[in-house]
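See below for the structure under consideration.
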Amino acid sequence: MKKTASLILSSLAVLLLVSCSGGGGFKKTKSGILYKIISDGKGITAQQGQFLKIHVVQNLRTGTKDSLLGTSYDAIPIYLPVDSMAPSYNPGEVFTMLRKGDSAQIIMEVDSLMRQGGNLPPFMSKNDKLVIGIKVLDVMSDEDRAKDQASSEQAFQEVMKQRETAQLDKDIATIESYLSGKNITAQRTGKGTFVEILSQGDGPVADSGKLVSIRYTGQVINGDYFDSNIDSTKQFQPHPMEPFEFVSGSQGAIEGMLEGIQKFRKGSKGNMYIPSALGYGANPRPGGPIKANDNLMFYIEVVDVKDLPRQPGR
42 MKKTASLILS SLAVLLLVSC SGGGGFKKTK SGILYKIISD GKGITAQQGQ FLKIHVVQNL
102 RTGTKDSLLG TSYDAIPIYL PVDSMAPSYN PGEVFTMLRK GDSAQIIMEV DSLMRQGGNL
162 PPFMSKNDKL VIGIKVLDVM SDEDRAKDQA SSEQAFQEVM KQRETAQLDK DIATIESYLS
222 GKNITAQRTG KGTFVEILSQ GDGPVADSGK LVSIRYTGQV INGDYFDSNI DSTKQFQPHP
282 MEPFEFVSGS QGAIEGMLEG IQKFRKGSKG NMYIPSALGY GANPRPGGPI KANDNLMFYI
342 EVVDVKDLPR QPGR
């Protein structure tokens, strides 16, 4: 594990060094893409029909400032086909020049991408540059690629499970500390949502599989409000004030709410304290008030609990 982590860090350091350099050594493809390859000339050269197994770091360069857009180093490698007939002004133009073990930097003008009709994010302007750092981990056949990719995905899923378990444990400890500090008595559900019933209704229980309608106000614990269908001033993005419907224990809401709602009845009012791992996790919607690994609190009023409509033919 330590050896793998060291390899990743050293590879990333090379890419970042290349990405931030503004020196010479660049060449141009026929379509005008700037590229620079760092190679010892010993690795297997990529051939038509093969696949590159790579890690990628993407930056947006505005003037002299680079802003990170994304990296594959926190996920799994990317597998891309080598095609000598790659479309014009496409990173694939460089792939046939790469060997196993190479590092490369590719610089593309956003203006050129726009002229080609590229579907680009609105924050990119025509004077920006897209800077792509590549580390070639391997060159392989399609058959080997399929096996290797499946193995990488399985290993990544195991890593993600470990991360989620560790984050959930951390979230629960944080929520328990918050509740204790506020002298709040709440019941913990099986996975880790905490439910505080303020007044229990006398209607049907919101059991798993029931169609539930609620009014709610959501906020980050100890933080900002982000949504409500009770008070429009607490909405981050305006929307109608109608009740929110979902299927208890099944679908239509975040995992923590799907579980926590089962402690409520029609007419109940209460609060849910939801761990980030059962909410929006490490990847909430960009630009919103919910940040990575934010624990959430929802005030909830259960408007209705009923059976799902029967499907035709059943």
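Quick note on the numbering used here: the sequence shown kicks off at 42 and runs consecutively.
The beta-carbon is built from N, C-alpha and C at its ideal position, and this holds for glycine as well.
Candidates the options: closest to residue i by CA position
i	options	result
Tyr-257	Gly-158, Phe-267, Ile-79, Ile-95	Phe-267
Gly-84	Arg-186, Arg-140, Ser-289, Asp-124	Arg-140
Asn-131	Asp-179, Pro-350, Glu-194, Tyr-76	Tyr-76
Gly-242	Ala-214, Lys-188, Gly-222, Ile-302	Ile-302
Gln-91	Ser-182, Ser-317, Ala-191	Ser-182
Gln-178	Ser-193, Lys-170, Glu-184	Contrary to the premise, residue 178 reads as Leu rather than Gln in this sequence. Answer by Cα proximity: Ser-193.
Tyr-340	Asp-348, Tyr-314, Lys-332	Tyr-314
Ala-207	Asn-334, Met-138, Phe-287	Asn-334
Lys-232	Gly-297, Ile-95, Ala-127	Gly-297
Ile-95	Val-123, Lys-69, Lys-332	Val-123
Met-138	Lys-188, Ile-148, Ile-78, Asp-152	Ile-78
Lys-69	Ser-108, Ser-129, Asn-168, Asp-115	Ser-129
Per-residue burial, residue i [other beta carbons within 10 Å of its own, 16 or more giving buried]
i	result
Ser-269	buried
Ser-62	Unreliable placement is indicated for Ser-62, whose pLDDT of 46 sits below 50; the coordinate value is still reported in the next sentence. So Ser-62 counts as exposed.
Leu-81	What sits at residue 81 in the sequence shown is Asp, not Leu. Exposed is the call here.
Val-200	exposed
Thr-234	buried
Arg-326	exposed
His-280	exposed
Lys-170	buried
Asp-143	buried
Pro-316	buried
Glu-342	buried
Gln-88	exposed
Gly-320	buried
8 Å contact criterion, which residue i and residue j should meet: CB distance rounded
i	j	result
Asp-249	Ser-289	Note that residue 249 corresponds to Ser in the displayed sequence, not to Asp. Yes, they are in contact, since the Cβ atoms of Ser-249 and Ser-289 sit about 5 Å apart, within 8 Å.
Leu-110	Asn-100	6 Å
Gly-104	Gln-146	So it is not a contact: roughly 18 Å between Cβ atoms.
Ile-119	Ser-125	That belief does not hold up - the Cβ atoms of Ile-119 and Ser-125 are roughly 20 Å apart, past 8 Å.
Asn-336	Ile-216	6 Å
Ala-323	Asp-212	Between Asp-212 and Ala-323 the Cβ distance is about 11 Å, and since that is not below 8 Å, they are no contact.
Gly-134	Ser-72	It is Glu, not Gly, that sits at residue 134 in the sequence shown. The pair is a contact, with the Cβ atoms about 6 Å apart (cut-off 8 Å).
Lys-251	Val-344	13 Å between Cβ atoms; not a contact.
Phe-277	Pro-330	5 Å
Ile-271	Met-338	Not a contact, Cβ separation roughly 14 Å.
Pro-245	Lys-310	Between Lys-310 and Pro-245 the Cβ distance is about 16 Å, and since that is not below 8 Å, they are no contact.
Range of the contiguous alpha helix (DSSP H) that encloses residue i
i	result
Met-298	296-301
Arg-204	183-222
Phe-136	133-136
Limits of the beta strand (DSSP E) - the one that residue i falls within
i	result
Ser-144	144-150
His-96	92-103
Asp-345	337-347
Tyr-314	310-315
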